[in-house]
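Protein chains in written order, with full-length UniProt numbering: chain R, 1 to 437; chain B, 1 to 437; chain C, 1 to 437; chain D, 1 to 437.
The beta-carbon is built from N, C-alpha and C at its ideal position, and this holds for glycine as well.
The model shown is predicted, which means the values in this text are computed figures rather than measured ones.
Remarks on the structure that follows.
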């Protein structure tokens with residue numbers, strides 16, 4: 001019997017607070033979990049800076065990755081008819097589900113913005129480069145690492161497999177909504193996973209999954225959960241304030257390095273990133289704790305901006321914010337900038353515009369070449385109808401990008417004298433004027 | 001109005017997955033939460049190595065500390081009659097509840113074993129030393145830091161306050177049982193907190209809290225939860241295997257340092273600990289991420305033992321174990337030790353006996369000078385009866401220390417050739433013989 | 001101290017699966033719960049025939065009434081500032097919340113359709129007629145029964161009180177959505193009650209309650225829950241099939257009585273309803289078990305239609321259904337009717353069109369004289385904005401009445417030969433033709 | 001393919017608040033659920049008078065029976081190896097699980113005490129007598145009804161099947177503990193069903209089920225839940241007060257009948273019970289609503305005792321109680337009895353001693369011929385150990401029958417003048433004296 005068909009003598013389980021149990025029966029899944037690259041995900045938080053707002057959300061990507069695997073396993077082994085996929089397709093999908101987030105680094109969003117890395121590319125590299133994960137996958141055949149990688153980069157010929165893991169109704173989203181809701185303690189993210197799993201079917205055109213009409217309301221509920229989690233949790237302005245600090249810390253450190261600044265401790269682990277010349281091993285050596293170590297020692301750097309930003313991040317002295325309307329607030333921004341410069345507070349680090357935007361559900365746009373595949377309902381008469389044509393609720397959020405822009409700045413500088421009183425007064429007046437518009 | 005009486009203009013809340021909301025109305029509580037020493041608790045995991053077994057349990061002591069505060073707040077502001085305590089006693093208790101774990105360092109258990117630190121002493125130092133926390137407390141009067149400290153070190157004259165935070169039925173335990181159950185996903189730790197809070201009363205003798213008779217079954221259930229969490233989670237042999245690795249890593253690093261070994265990167269943050277000469281600032285500078293940083297770079301140290309142990313910890317290649325009976329397994333241990341030495345595997349690091357023990361409930365022993373105060377029931381006729389005299393279930397677990405001893409060793413060395421085949425065979429035979437006894 | 005201010009020496013609680021505990025501190029509430037009219041609500045199911053579809057939903061109006069009371073109590077005693085209402089207004093609201101459903105009879109919907117009773121009128125009669133409830137209320141003063149009644153019939157001068165109990169965001173809906181979700185086991189009905197209670201405020205114009213802007217998403221979620229519960233549970237076509245049976249049973253029995261039919265057992269308890277001449281005592285003597293008793297014995301009546309319908313109801317042999325479009329299916333209906341008549345199956349009882357319709361959220365329509373008050377958001381700048389102007393989701397369901405019409409008939413008659421084969425064949429063809437349209 | 005092997009084309013599910021979904025795939029199960037005898041269980045409450053104390057507990061035996069079926073289905077189809085049972089054994093067990101409570105009548109406990117019926121005998125009669133259930137079962141072969149009956153009456157040759165449905169760790173108890181906890185809202189009854197199902201194994205001696213050692217704590221928790229539910233819910237003295245009223249109502253009605261009393265309405269449905277000469281059809285015609293109908297009209301009977309007791313039951317004017325110690329309170333009882341007789345309050349109906357007793361866990365007693373089979377643990381070394389020898393907690397409750405006796409009487413008669421003042425005073429003194437003993 002080949003390695004890909006090898007079952008463990010007795011199934012293993014992981015106790016999981018979201019799914020109850022995560023079941024592992026295939027030897028290769030067990031072996032992949034044991035690799036150092038997968039274990040590294042224990043040291044990468046799922047939600048970056050969200051725990052600064054929702055203190056319960058301290059869970060890791062390890063946690064989430066097991067959950068995505070479990071959902072795909074339930075779909076393949078319980079929901080779908082046994083002959084939906086070949087055994088090879090099945091195990092390929094399970095591996096892809098488990099490994100889809102492998103390339104994430106610490107605080108991905110801010111990190112990638114500053115260092116121009118791409119976690120999706122690194123996922124591909126880890127699957128096919130010189131890693132323990134690849135060694136395990138290779139036991140399944142020379143092409144198997146590439147097969148798994150092709151599901152994740154969406155080029156696998158069976159698009160139903162691809163869309164189980166990445167689409168508008170995929171195991172990834174289903175797990176993170178439920179998991180992030182559980183750990184934050186907000187109730188909005190909950191939806192009826194059991195019901196969705198029951199009404200999911202492979203699309204007859206081999207191009208994704210569809211939903212039986214009877215499950216429409218469960219999917220509406222799932223999309224509402226998604227919408228609410230984005231509005232309430234993922235885009236929470238306080239978490240974004242932490243994100244802005246992170247971004248500016250990394251930005252400052254990189255600028256200092258490029259300007260020849262001498263760090264009191266040589267930041268070996270981040271140097272390759274400053275130089276934007278990174279090997280796979282250097283990338284894998286990085287995790288949340290490495291960055292947190294540097295933030296911790298940088299609190300004592302002689303560069304005032306770097307040390308202040310790091311101290312803010314570690315002690316949660318966050319930046320404050322006001323709503324910012326790009327089309328009309330340019331003057332306001334320029335006036336603020338002038339005042340900050342006058343007070344010798346560098347606006348590049350202390351007056352930051354942050355955008356967040358989300359498309360809760362992408363409608364089908366006939367003729368459009370891009371965009372995500374819509375969710376299809378299988379009607380009782382056998383026809384497929386796009387979800388938003390049946391659901392006014394989904395229609396109401398469909399196709400509309402929701403954007404929120406905020407301007408972040410240190411209110412404490414205004415209050416504690418770091419900005420001289422007369423300038424502070426002008427700033428306060430300016431903000432007040434804007435707010436009562 | 002004095003600072004200690006100062007209310008916030010509008011109450012603040014933290015969304016908490018265990019208690020729903022944590023309510024903050026007192027200015028001093030808000031200010032204490034904002035201190036760098038309290039924020040540091042975000043970087044100290046509540047359950048150390050438990051997440052190696054229960055992957056969901058990645059929560060921090062920050063998380064738990066807010067929970068303990070919330071339980072005490074509910075007892076003082078909702079359960080107890082308003083005149084039970086003076087306003088000063090009330091705010092003292094709230095501060096003590098919030099700050100009781102302030103002195104915890106990373107992976108306290110193993111850390112303290114190797115470096116002879118004491119988190120309780122550090123809690124006292126943080127409250128009364130040169131810290132932001134003390135600055136905030138001082139706004140409440142010169143004696144206020146000492147007053148809060150006295151609740152935590154149990155010398156406060158009002159022993160009811162003391163026992164709300166530290167006793168066999170205290171807010172600390174109530175929170176951690178519920179919280180650890182929530183994050184691990186095990187159901188055993190759940191009990192009816194709401195009911196217990198309803199039946200709790202200050203003891204008429206001013207020496208703790210008592211329970212109305214009608215709440216006896218709720219307290220039985222709480223003690224069962226505690227018993228089960230210890231058996232199922234806290235003493236789980238796999239988590240203890242992670243703990244053993246930690247202990248041996250720190251042990252090895254300290255020994256190397258004392259032997260004059262030169263580390264490839266100067267471990268500045270841990271040097272004071274190697275020398276057992278630690279300032280408060282040095283202690284506070286340490287957190288989980290600092291240790292994890294060193295473990296990460298020590299994976300590449302030239303010392304094989306240190307690098308292997310660190311790699312094991314980070315990639316979860318844990319030690320295996322067998323039951324060990326101290327009174328009768330001495331011979332077995334010596335034979336194992338001989339074989340390990342013969343294979344040049346240092347038994348000081350690779351053949352480790354680990355004890356765990358717990359006393360689920362300490363009965364009242366007349367005449368005994370030590371021991372914890374028992375839980376008293378307030379009977380309908382006004383008498384106080386010790387819980388175990390009324391409950392056969394509690395009697396069954398009361399006063400009995402439950403000890404579990406295991407011998408840990410690297411089974412993979414036996415399997416992968418690190419230990420030569422002939423010695424490995426002898427070891428296997430020895431273990432097998434012991435197990436079928 | 002007056003009766004209306006009288007507190008119970010020690011508060012009482014009811015264990016409630018939805019709210020945890022229902023707290024009773026006021027003597028009058030305790031006394032009202034003990035009246036025979038309130039206890040009667042234990043014998044009236046909250047959801048009539050829903051348990052034929054969702055077997056878990058067997059809870060009573062007693063259950064729900066306590067829940068509505070508890071929500072109002074939390075709003076008045078915890079959420080709102082103490083001076084929002086006078087003590088008299090407070091106790092009036094609590095009584096009204098508890099008693100608002102007092103006039104419901106068994107299976108209200110079908111019952112009222114046939115016998116032209118009105119449960120709201122009976123609620124008023126019970127409050128002000130010769131009942132135990134009125135006796136209790138009178139202890140609060142001669143006008144107090146009328147005061148409580150005026151909250152329920154919406155004429156009380158303080159419209160905020162009125163709208164706590166009856167509006168688009170009232171304690172009644174909040175409780176039944178959560179409760180019905182709990183008992184059916186569907187997750188759709190859950191929303192974050194705790195959050196809504198935190199952001200609720202009395203309207204500055206004294207005309208209802210408003211929501212702080214920060215709570216908008218919680219209210220969106222509540223309206224979605226409402227929408228989903230209507231779609232998934234309350235309008236479930238199988239429950240409605242039970243409802244149709246009930247309606248037709250009562251209809252048939254009444255017709256038989258009016259035609260002088262002699263029942264084998266004199267249906268004393270329902271005679272006044274057949275005659276549509278009902279005293280308050282006769283109304284109060286009726287409950288689910290009385291009707292069920294008659295259905296049970298009517299199974300053996302010699303009238304074939306009555307006995308068949310009752311047997312169907314008790315053994316859950318429900319009618320089947322097809323979608324029915326009033327504007328275009330008239331012909332279809334007439335053809336079906338012709339065939340049923342030919343088969344001697346009375347279409348008045350066996351071919352039934354049933355409408356259900358709901359308005360998930362009623363928008364503000366300027367100039368409109370009717371309609372429900374919209375939900376207002378209190379914006380950060382102090383303005384009030386109607387909810388749907390801020391929420392695209394709410395806008396999508398607002399103002400649109402959702403109607404579902406079905407035609408019910410006994411498919412088993414077609415299958416088991418009760419309808420002759422050749423006619424049955426025609427009926428099947430007719431239905432098939434309609435479905436594939 | 002035989003009827004017993006017939007699967008439904010598409011599986012059906014019932015939404016269940018306790019198990020999420022109840023899955024039905026076998027045609028015979030679907031057909032059995034549709035029988036009138038099984039549907040009758042919708043009209044029999046699971047917990048009789050418990051909802052007088054815990055208002056949420058209004059669920060029916062229909063509800064519970066589906067739950068027991070679902071647990072057995074999960075054990076047979078998921079937990080156990082496929083070859084554990086033959087297909088015939090499997091379907092026999094599923095039918096038995098579904099039907100095990102079929103013979104329950106309304107308020108079984110009180111009913112059987114007065115009329116000497118036995119619900120277990122009636123279950124057997126329904127399975128093998130002239131019923132729809134038997135008709136369905138007969139499609140599985142002439143012997144099939146008897147086969148199913150033999151599982152329920154414990155004579156089936158495969159004792160493992162028998163013990164799945166009736167033993168100290170059976171699906172019946174597992175469901176009712178979880179279900180009753182859910183509906184009452186008490187948290188005590190919860191335990192980790194998923195875990196127990198995972199560690200359950202057929203006993204190697206073919207005589208029941210055993211538990212893998214690793215599941216010991218889950219079973220401890222289950223037994224604690226059972227213990228707590230009995231102490232807190234099932235034996236709650238207020239529910240028992242309702243039970244006493246029921247018993248005395250039926251007792252009084254029967255005595256009146258036997259004494260030739262003429263009821264204002266002929267109680268046709270209960271006459272056979274008064275005469276203790278009951279056909280199966282008469283038994284099946286009875287349900288909660290029939291009895292409630294009679295209680296309702298008996299409120300107006302001229303017999304004062306019957307009308308008072310019925311009114312008490314329907315309006316929840318319950319009897320009060322004091323603890324009663326059979327061995328020492330005989331004198332107290334006689335004095336009370338004397339005073340009641342003097343006041344012309346018939347002690348046969350108004351001064352009632354009620355016993356409740358439970359054996360939380362029956363230990364193995366070597367040599368004992370009776371008693372329930374103990375729960376066996378499968379140790380890692382393959383041995384079977386009786387649970388209480390491994391668990392001190394179980395040992396503490398094992399083998400000990402817990403009895404609680406109370407004396408019930410109408411305190412309101414003492415307070416409202418129905419008992420003359422001077423006698424009332426003596427009664428109060430007597431009770432007070434007893435209580436302060």
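Exercise. Do residue 305/B and residue 346/B have their CB atoms nearer than 8 Å?
Worked result: yes
Exercise. Just the Cα atoms here: how many angstroms apart are residue 318/C and residue 413/C?
Worked result: Our two residues, residue 318/C and residue 413/C, have alpha carbons roughly 12 Å apart in a direct line.
For this session: Excluding the 5 residues preceding and the 5 following residue 294/C in the sequence, name in chain order all residues of the same chain whose CB lies nearer than 7 Å to its CB.
Result: 267, 270
Problem set entry | Sequence ranges, alpha helix (DSSP H) only - wholly within the segment 134–200 of chain B, length at least 4 | 144–152, 159–165, 171–184, 193–199
Exercise. Roughly how many whole angstroms lie between the Cα atoms of residue 402/R and residue 213/D?
Worked result: 54 Å
For this session: Have a look at 116/B, 20/B, 218/B, 48/B and flag the residue whose alpha-carbon is nearest the alpha-carbon of residue 254/B.
Result: 116/B
Exercise. Just checking, does the segment 200–209 of chain B make contact with the segment 21–34 of chain B on the three C-beta pairs under 8 Å criterion?
Worked result: Not touching, per the Cβ criterion.
Problem set entry | Contact list for residue 194/C against chain B, beta-carbon separation under 9 Å | 20, 21
Problem set entry | Spatially closest choice to residue 186/R from 5/R, 389/R, 228/R, by CA coordinates | For the residues 5/R, 389/R, 228/R, the minimum Cα distance to residue 186/R belongs to 228/R.
Problem set entry | residue 188/D versus residue 174/D: straight-line alpha-carbon distance, rounded | 13 Å
For this session: List in chain order: all unbroken alpha helix (DSSP H) runs of 4+ residues lying wholly within the segment 193–260 of chain D.
Result: 193–199, 216–229, 237–258
For this session: Alpha carbon to alpha carbon, how far is residue 311/R from residue 484/R? Give it in angstroms, no decimals.
Result: Because residue 484/R is not part of the residues shown, which for chain R are 1 to 437, the question remains open.
Exercise. Helix or strand or just coil, what does DSSP make of residue 379/C?
Worked result: Shown here, residue 379/C sits in coil according to DSSP, grouped into three states, outside any helix or strand.
For this session: Report the residue from 320/D, 390/D, 337/D whose alpha carbon sits nearest the alpha carbon of residue 236/D.
Result: 320/D
Exercise. From residue 399/R to residue 391/C, what does the alpha carbon distance come to, in whole angstroms?
Worked result: Spanning the two alpha carbons is a distance of roughly 15 Å.
Problem set entry | Listed by chain order, chain R residues near residue 221/C by CB distance under 7 Å | 188, 228
Problem set entry | Three-state class that DSSP yields for residue 36/D in the structure shown | helix
Problem set entry | 8 Å Cβ cutoff, residue 182/B in contact with chain R | yes
Problem set entry | Candidates 387/R, 335/R, 341/R, of which the one nearest residue 431/R by Cα | The shortest C-alpha separation from residue 431/R is found at 335/R.
Problem set entry | Interfacial residues, the UniProt domain "HD" (61–177) of chain R to chain B, with Cβ spacing under 9 Å | Under the 9 Å Cβ criterion, the UniProt domain "HD" (61–177) of chain R contributes 62, 63, 66, 132.
Exercise. Using DSSP with H/G/I as helix, E/B as strand and the rest coil, what is residue 398/B?
Worked result: strand
Problem set entry | Beta-carbon contacts of residue 256/R that lie in its chain and below 7 Å, excluding the five residues immediately before and after | 303, 306
Exercise. Whose C-beta lies closer than 7 Å to the C-beta of residue 248/R among residues of the same chain, with five residues either side of it excluded?
Worked result: Within the same chain, residue 248/R has close Cβ partners 309, 349, 352.
Problem set entry | Beta-carbon spacing of residue 323/C, residue 433/C below 8 Å | no
Exercise. From residue 299/R to residue 288/R, what does the alpha carbon distance come to, in whole angstroms?
Worked result: 17 Å
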